[in-house]
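**Q**
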DNA sequence: TGTACATCAGTGAACGCGCGTTCACTGATGTAC
DNA sequence: TGTACATCAGTGAACGCGCGTTCACTGATGTAC
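Residue numbers (the numbering used here), protein chains in the order written: chain A, 867 to 1061; chain B, 867 to 1061.
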């Protein structure tokens, strides 16, 4: 049957929202189209009224998640204090235990490296993140600022990936606590100096 | 038909070898049992003479890959020079482009975080790696040594994950080059001091 | 304003496919005598 | 040393299952007159 036109866009949005959460929790290959539609409260058939394929949804949901989180990264780039606050949130047990609303790089980057269709969306997100974060080192040279931004973001992603993959809760907590401390030291050291 | 007993152990080893390469290249869910057996030169039936399940193979192949690579990590822990040499190999375009013989953390850690059966093997690998790498900071306190080891390994893994996920070759190269430089700076700074 | 009809998002059964896994069977090897 | 037979890794057809995707159909909505 036909439905009010106004609902279509809203449903599209809800599918994206659900997909981006489920993908971050279980990975692209760990979630079926049917599951996403069921979780959205629809049957699986009309999926193809909204998206050309699962691959297309993967890419769009990545853009959706990026739009939803890039604001926090921008804020983190405003000052060393903002960056340190962002790091404390990012490199936390809460973020480790709740991937579905967390960083898309930590949950999906490895799978994206095997899914060419999703790479452009992720590349955009990474590139923008570096630019935002580099602003923290505005008193240093562009070269140093960029290097430190890359170092910081890579460390955060790597620490989260390892903390989630490890079985031993103590080791996992230790990875996060040490990384927060290491980043704090590193940032306080580099932001102060001129490059 | 029955085959010489001597061949059985050798075939088991070959399956592990093939699996650990294919898993690192395409991920656990990106490789089927049939593909692994075919690549090993066997039919898929006898797989279950060697392994209880695909999950069991995933775990054993992780241990196999760990055994094959932990020596390089041990070597890296011998001195700051050895660590820097290891970093130059690890954070390289060659390693980025050849995941099948590369670091299992960079290729598989995210998937392992959703595969409880494989976590113990990976945890062991991570734990041992930290211990080996921490030796580089033998003149610092245990606490600082461990923190720097965690920082270094997480950065390396994170940089590799991002470099592989990104579409733009220039950005990817830039991530690697900057991370090598950032790690060099960081290690030269911290190894020199006492903690 | 009321009526007739075209639209098209949603429905849900069905498709082909590849997956992990099972199993009755084969036959060279290894062993008992 | 020679023969008879039990062993068991390898064979390959077959299994049930869930996947991504398709499609003939439905019927309330929006539109033409």
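Think of the CB as a built atom: it goes at the ideal place given N, C-alpha and C, for glycine as much as any other residue. Small disclaimer: the values here were computed from a predicted structure and weren't measured.
1) Measure from the alpha carbon of residue 970 of chain B to the alpha carbon of each residue in B/981, B/955, B/991, B/982, then state which is nearest.
2) According to the Cβ coordinates, are residue 1132 of chain B and residue 999 of chain B closer than 7 Å?
3) Hey, how far is the Cα of residue 1003 of chain A from the Cα of residue 1014 of chain A?
4) Mind listing the chain B neighbours of residue 955 of chain A? Cutoff is C-beta to C-beta under 7 Å, in chain order.
5) Would residue 893 of chain A and residue 966 of chain A be called neighbours here (beta carbons separated by less than 7 Å)?
6) Once you ignore the five residues that flank residue 1025 of chain B on each side, which residues in its own chain have a CB closer than 7 Å to its CB?
7) Under 7 Å, do residue 943 of chain A and residue 1009 of chain A count as touching if we go by C-beta distance?
8) Taking DSSP as the reference, what is the three-state secondary structure of residue 918 of chain A?
9) Does the beta carbon of residue 881 of chain A come closer than 7 Å to any beta carbon on chain B?
10) Output needed for residue 949 of chain B: all residues of its chain with C-beta closer than 8 Å, excluding positions within five of it in sequence on either side, in chain order.
11) Measure the alpha-carbon distance for residue 996 of chain B versus residue 1056 of chain A and round it to whole angstroms.
12) Just the C-alpha distance for residue 979 of chain B and residue 1020 of chain B, rounded to the nearest angstrom, thanks.
13) Identify the continuous alpha helix (DSSP H) that holds residue 956 of chain B and give its terminal residues.
14) Can you tell me the Cα-Cα spacing of residue 1050 of chain B and residue 936 of chain A, whole angstroms?
15) Please say whether residue 880 of chain A and residue 909 of chain A have beta carbons closer to each other than 7 Å?
16) Sorted by chain position, which residues of the same chain lie with C-beta nearer than 7 Å to residue 985 of chain B's C-beta, five sequence neighbours on each side aside?
17) Kindly indicate the opening and closing residues of the alpha helix (DSSP H) around residue 990 of chain B.
18) Alpha carbons only, please: which of B/1030, B/1034, B/899 is nearest the one belonging to residue 918 of chain B?
19) To the nearest whole angstrom, what separates the beta carbons of residue 921 of chain B and residue 1011 of chain B, a pair I think is in contact under 8 Å?
20) Interface residues of chain B around residue 1014 of chain A at Cβ under 8 Å?
21) Compute the Euclidean distance between the alpha carbons of residue 887 of chain B and residue 938 of chain A, then round it to the nearest angstrom.
22) Say whether chain A places a C-beta atom closer than 7 Å to the C-beta of residue 1033 of chain B.
23) What residue range is occupied by the uninterrupted alpha helix (DSSP H) comprising residue 910 of chain B?
**A** Judging by the given coordinates:
1) Here residue 970 of chain B refers to the residue found at position 104 when the second chain is read from its first residue. The candidate whose alpha carbon is nearest that of residue 970 of chain B is B/991.
2) Residue 1132 of chain B is absent from the structure shown; chain B starts at 867 and stops at 1061.
3) For the purposes of this step, residue 1003 of chain A is taken as the residue at position 137 of the first chain. For the purposes of this step, residue 1014 of chain A is taken as the residue at position 148 of the first chain. Taking the CA atoms as reference points, residue 1003 of chain A sits about 8 Å from residue 1014 of chain A.
4) Mapped onto the first chain, residue 955 of chain A falls at position 89. What residue 955 of chain A touches in chain B: nothing, since even the nearest Cβ is about 17 Å away.
5) Indexing the first chain from 1 puts residue 893 of chain A at position 27. Indexing the first chain from 1 puts residue 966 of chain A at position 100. No, these two residues do not count as a Cβ contact at 7 Å.
6) Here the question's residue 1025 of chain B lines up with position 159 in the second chain. Around residue 1025 of chain B, the same chain offers 957, 1041, 1042, 1045 as residues with beta carbons nearer than 7 Å, after the five sequence neighbours per side are excluded.
7) Sequence index remark: in the first chain, residue 943 of chain A carries index 77 (1-based). Sequence index remark: in the first chain, residue 1009 of chain A carries index 143 (1-based). With respect to the 7 Å criterion, residue 943 of chain A and residue 1009 of chain A are not classified as neighbours on the basis of their beta carbons.
8) Numbered from 1 along the first chain, position 52 holds the residue referred to as residue 918 of chain A. Three-state result, residue 918 of chain A: coil.
9) Reading the first chain from its first residue, position 15 is the one you call residue 881 of chain A. Closer than 7 Å: no.
10) Start at 1 with the first residue of the second chain, and residue 949 of chain B comes out as number 83. In its chain, beyond the 5 residues on either side, 942, 943, 999, 1002, 1018, 1053 have a beta carbon closer than 8 Å to the beta carbon of residue 949 of chain B.
11) Working through the second chain from its first residue, we reach residue 996 of chain B at position 130. Working through the first chain from its first residue, we reach residue 1056 of chain A at position 190. Looking at the two C-alpha atoms, the distance is approximately 25 Å.
12) In the second chain, counting from the first residue as 1, residue 979 of chain B sits at position 113. In the second chain, counting from the first residue as 1, residue 1020 of chain B sits at position 154. Each residue's alpha carbon lies about 15 Å from the other.
13) Counted from its first residue, the second chain places residue 956 of chain B at position 90. 946–956 is the extent of the alpha helix (DSSP H) around residue 956 of chain B.
14) For this step, residue 1050 of chain B is matched to residue 184 along the second chain. For this step, residue 936 of chain A is matched to residue 70 along the first chain. Spanning the two alpha carbons is a distance of roughly 29 Å.
15) Locating residue 909 of chain A in the first chain gives position 43, where the first residue counts as 1. Locating residue 880 of chain A in the first chain gives position 14, where the first residue counts as 1. The answer is no: Cβ separation not under 7 Å.
16) The residue you call residue 985 of chain B lines up with position 119 of the second chain. Only 978 meet the Cβ criterion.
17) Numbered from its first residue, the second chain carries residue 990 of chain B at position 124. Residues 985–1000.
18) Along the second chain, read from residue 1 onward, the residue named residue 918 of chain B stands at position 52. Closest option to residue 918 of chain B, Cα to Cα, is B/899.
19) The count along the second chain starts at 1 and reaches residue 921 of chain B at position 55. The count along the second chain starts at 1 and reaches residue 1011 of chain B at position 145. Not really, about 36 Å apart at Cβ, beyond 8 Å.
20) Position 148 of the first chain, counted from the start, is the residue given in the question as residue 1014 of chain A. The contacting residues are 1048.
21) For this step, residue 887 of chain B is matched to residue 21 along the second chain. For this step, residue 938 of chain A is matched to residue 72 along the first chain. Roughly 38 Å between the two C-alpha positions.
22) Locating residue 1033 of chain B in the second chain gives position 167, where the first residue counts as 1. Chain A, which has a Cβ nearer than 7 Å to the Cβ of residue 1033 of chain B, makes this yes.
23) Indexing the second chain from 1 puts residue 910 of chain B at position 44. Segment: none, residue 910 of chain B is in no alpha helix (DSSP H) and carries neither H nor E.
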